[in-house]
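Heads up: the sequence lines are chains A and B, in that order. Every position in the first sequence, counted from 1, becomes a number in this note's numbering once 1369 is added. Every position in the second sequence, counted from 1, becomes a number in this note's numbering once 1369 is added. Cβ coordinates follow ideal geometry from the N, Cα and C atoms, glycine included. Being a predicted model, the structure only gives us computed values, none of them experimental.
There are 2 protein chains.
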Amino acid sequence: MARIVKKFGGTSVADVEKIQSVARRIKKEVDAGHQVAVVVSAMAGVTNELVGYVDAISRMYDAREYDAVVASGEQVTAGLTALALQEMGVSARSWLGWQIQVKTDDVHGKARIHSIDGKEMIESMSKGEVAVVAGFQGISPGGRISTLGRGGSDTSAVALAAALDADRCDIHTDVDGVYTTDPRIVAKARKLDKITYEEMLEMASLGAKVLQTRSVELAMKHNVRLQVVSSFSDEPGTLVVNEDEIVEKELISGIAYSRDEAKITLTQVADKPGVAAGIFGPLADASINVDMIVQNVSDDGKRTDITFTVGKTDLERAVATVEARKKDLGYSKLVSDSEVVKVSVIGVGMRSHAGIAQTMFSALAEKGINIQVISTSEIKVSVLVREEYTELALRALHEAYGLDAE
Amino acid sequence: MARIVKKFGGTSVADVEKIQSVARRIKKEVDAGHQVAVVVSAMAGVTNELVGYVDAISRMYDAREYDAVVASGEQVTAGLTALALQEMGVSARSWLGWQIQVKTDDVHGKARIHSIDGKEMIESMSKGEVAVVAGFQGISPGGRISTLGRGGSDTSAVALAAALDADRCDIHTDVDGVYTTDPRIVAKARKLDKITYEEMLEMASLGAKVLQTRSVELAMKHNVRLQVVSSFSDEPGTLVVNEDEIVEKELISGIAYSRDEAKITLTQVADKPGVAAGIFGPLADASINVDMIVQNVSDDGKRTDITFTVGKTDLERAVATVEARKKDLGYSKLVSDSEVVKVSVIGVGMRSHAGIAQTMFSALAEKGINIQVISTSEIKVSVLVREEYTELALRALHEAYGLDAE
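Below, the structure is given as structure tokens:
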């Protein structure tokens, strides 16, 4: 007997028929003798509808009330899924955030889980009842409903798997696993059998929207074996695991891209200590995340150009923030560009292999793609190129690293 | 400063605009210096939608899961109403059943409230925050969400008013008060300024669907001053109060009718001790409510006819229950009729006045309406007549008791 947590997203529970089909999948695990906890999202479209109501009433809303409104969607699905299981003769019970004490911080709207008690729920499971848990929700220190942000049900599932010391946490979704790159762009993309937490983390933060980043961090921290798997077929998906579980490591596991970036260049900035702090301090104060930063070597040691990227949605505010300090910063020109894409090759194998970046640069050069900004980490090389090259770059790199399916 | 509880039903909070209009009404009370708690129902249609999901999944559903699903509607309205108030500059906070410990029994689906704690909510109100409470919901002894049955938000409001020792409990609805009879049938029906709890209780249990019966019982028990008032106009409504608050008592306050009854007659029943128990015992065991009962005097002291009424929805089961005992009961024929209506005149004044029933019988006889069954209580006379006479009977009685508006 294994203890398994299974999470089903909004499209997997979009209507009564889909909820019944989810219940049938859960029944299979129960019939196989496993103890099962299920985490469900709101029915597809419901959360958007609820957010629409809030937006229509208030532009600067109180996040505590926003949370009380939007958390109701998961409550409905949890109850309905429990009913669908019962109807199939499987004992089941629904559990809301306050009932299993999913304690979070008080950052309403994107709260982080601190702990799950679940004593009563574990008792219920040990009597053979499937626990159906409303994802996305917890309670804040003030005893109010908190929500975990978009994709938060992934995190609910992982936190629950950690609290239950589960053998596996299946994230059921509308894709059947993690691919070497976006299969809608690269027809030869391959589904990965396994990927490490670190790689998945880079993939997730780079816009491969298979898993919420926070959920991968949490799985890595608590060593939860994650599986990304289809809601609609019985095929095995992709396991997200510790590096030592992967015997034959690929050099490169995947190629990710993000169109959410925008580039800002300041020309002729004084090349002296404190100038970077003068730019990035105010941006940080405005809660604007800066991703890639490049500072060119100056010719004369007096003036230099600085380029950095921010999220596209933050671009306007970032430009305003910097321009408000133009006098202090003393740059000559601010140029912004949102028609860029960040392309990244990711792989834990590159730690022990030289030449990974060189392969990337050559492959892009061969196709005539100009690299605007480069940044690297231990397991990732990212470049910023013009957005129009997205597909071309992905295909070229996928082939260059030998990832194409035969 | 007064402390006021205001309840708004589903049609009053049916969409964002209506919720904003409710918020404006609440703001008026706050601006007048009052402390306000608001009880809200689900947006019109939402509860039916949720019940529809449950019905599609399960015919014999687990009422605990049903409750978890359907209670979500009120949660949404509570959050949205709090947001609408905040947007108008009025401090507000939403409260769910589990947050104010609305403790109920464990009869899920039609639970009864035992107590409300509300310590935290009262603290919040004393800081000037409007408390917006999700109606219809509580928590059962098992720590699960319970709901109070259709119209349960009325009861939530009255229980809250009692717990808060409120000066008044306004039930806002789509009618502007309690009428002498159904104004859709009798054009000359008048709105009552005041009515006693006892009269309102009779009206409510007879199908005048202005207030949930249980809410009136609770108001009477805790001496809560109720007001039935329009959601959409500022006109005063109808006060439901203690008898001693009404100085000029009307003889008859109102005329109610119910089409929910069906009649069963057993002919030639043995006229001997124990026969009534033989009929009504099994019906009670089957949870079938019997309302009016008439036993004719028998000619020869050996055989008699017994007529009684049950709810229309119970008719089939009632017939089956009685027929299963035909041998024991030894009646000759069972005749059932669902084309009947119960018409009742109600008034606390009749306690001290003779001739009330006689006026009723004469007025009906004058119109050629045959009375099938009669039953009386201290403040009510009810008759059963053929359903086709409903309108005629109501108009005749309304005139006969001098209730017509000038």
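Identify the residues that DSSP records as bridge partners of residue 1464(A): which are they?
Paired residues: 1502(A).
Going by DSSP in three states, residue 1454(A) sits in which element: helix, strand or coil?
helix
Which residues DSSP lists as bridging residue 1596(B), in chain order:
1539(B) and 1608(B)
Tell whether a beta-carbon distance below 8 Å holds between residue 1527(B) and residue 1595(B).
Here residue 1527(B) is near residue 1595(B), since their CB atoms are less than 8 Å apart.
Residue 1522(B) CB to nearest chain A CB: under 8 Å?
no
Between the beta-carbon of residue 1385(A) and the beta-carbon of residue 1422(B), is there less than 8 Å?
The answer is yes: Cβ separation under 8 Å.
Those residues which DSSP pairs with residue 1376(A) across a bridge
Residue pairing of residue 1376(A) in beta bridges, as defined by DSSP: 1408(A) and 1540(A).
What is the rounded straight-line gap between the Cα of residue 1731(A) and the Cα of residue 1459(A)?
58 Å
With distances taken Cα to Cα, identify the nearest neighbour of residue 1613(B) among 1405(B), 1735(B), 1457(B) and 1718(B).
1718(B)
Can you pull the chain B residues whose beta carbon is under 8 Å from the beta carbon of residue 1426(A), in chain order?
1385, 1388, 1389, 1449, 1452, 1453 and 1456
Proximity test, Cβ basis, 8 Å: residue 1512(A) and chain B:
yes
Please report whether the beta-carbon of residue 1434(A) lies at a distance below 8 Å from any beta-carbon of chain B.
yes
In three-state terms, what does DSSP make of residue 1720(B)?
helix
Per DSSP, which residues does residue 1706(A) bridge with? Please list them.
1632(A)
Cβ-based contacts, 8 Å cut-off: residues of the region 1698-1731 of chain B near chain A
none
Relative to the alpha-carbon of residue 1437(A), which residue among 1463(B), 1433(B) and 1427(B) has its alpha-carbon at the smallest distance?
1463(B)
Nonlocal neighbours in the same chain, by C-beta distance under 8 Å from residue 1681(A), ignoring five residues either side
1628, 1629, 1630, 1631 and 1707
What residues are listed by DSSP as bridge partners for residue 1548(A)?
1560(A)
In chain order, what residues of the same chain have a beta carbon less than 8 Å from the beta carbon of residue 1373(A), not counting five sequence neighbours either side?
Counting only Cβ-Cβ distances below 8 Å, and skipping sequence neighbours, we find 1398, 1403, 1404, 1405, 1406, 1535, 1536, 1537, 1538 and 1539.
State yes or no: is the C-beta of residue 1475(B) within less than 8 Å of the C-beta of residue 1511(B)?
yes
Please find out if some non-hydrogen atom of the ligand COA comes closer than 7 Å to the beta-carbon of residue 1426(A).
You won't find the ligand COA in this model; it holds no ligand whatsoever.
Mind listing the chain E neighbours of residue 1468(B)? Cutoff is C-beta to C-beta under 7 Å, in chain order.
No chain E appears in this structure, whose protein chains are A and B.
Hey, residue 1711(A) and residue 1753(A): beta-carbon distance below 8 Å or not?
yes
Neighbour flag for residue 1431(A) against chain B, beta carbons, 8 Å:
yes
How would you write the range of the alpha helix (DSSP H) that residue 1392(A) sits in, first residue to last?
1385-1400
Span separating the alpha-carbon of residue 1427(B) from that of residue 1392(A)
Looking at the two C-alpha atoms, the distance is approximately 13 Å.
Taking the alpha-carbon positions, what's the residue 1759(A) to residue 1588(A) distance?
It is roughly 31 Å from the alpha-carbon of residue 1759(A) to the alpha-carbon of residue 1588(A).
Which one or two residues does DSSP pair with residue 1755(A) in a beta bridge?
1709(A)
Rounded straight-line distance, which links the Cα of residue 1715(A) to that of residue 1375(A):
Each residue's Cα considered, the two are about 27 Å apart.
Note down, in chain order, each residue of its chain lying with its Cβ closer than 7 Å to the Cβ of residue 1703(B), except the 5 sequence neighbours on either side.
These residues qualify, in order along the chain: 1633, 1635, 1688, 1691 and 1692.
How far does the beta strand (DSSP E) with residue 1664(B) in it extend, from its first residue to its last?
1659-1664
Below-8 Å beta-carbon distance, residue 1480(B) vs any chain A residue:
no
Comparing the C-beta of residue 1404(B) with each C-beta of chain A, is any distance below 8 Å?
Residue contact with chain A for residue 1404(B): absent (no Cβ-Cβ distance below 8 Å to any residue of chain A).
Assigned exposure category for residue 1370(A) - 16 Cβ within 10 Å defines buried:
exposed
Boundaries of the alpha helix (DSSP H) in which residue 1354(A) is found, first to last residue:
As displayed, chain A neither begins before 1370 nor continues past 1775, which places residue 1354(A) out of reach and without an answer.
What residues in the region 1485-1497 of chain B have a beta carbon less than 7 Å from any beta carbon of chain A?
none
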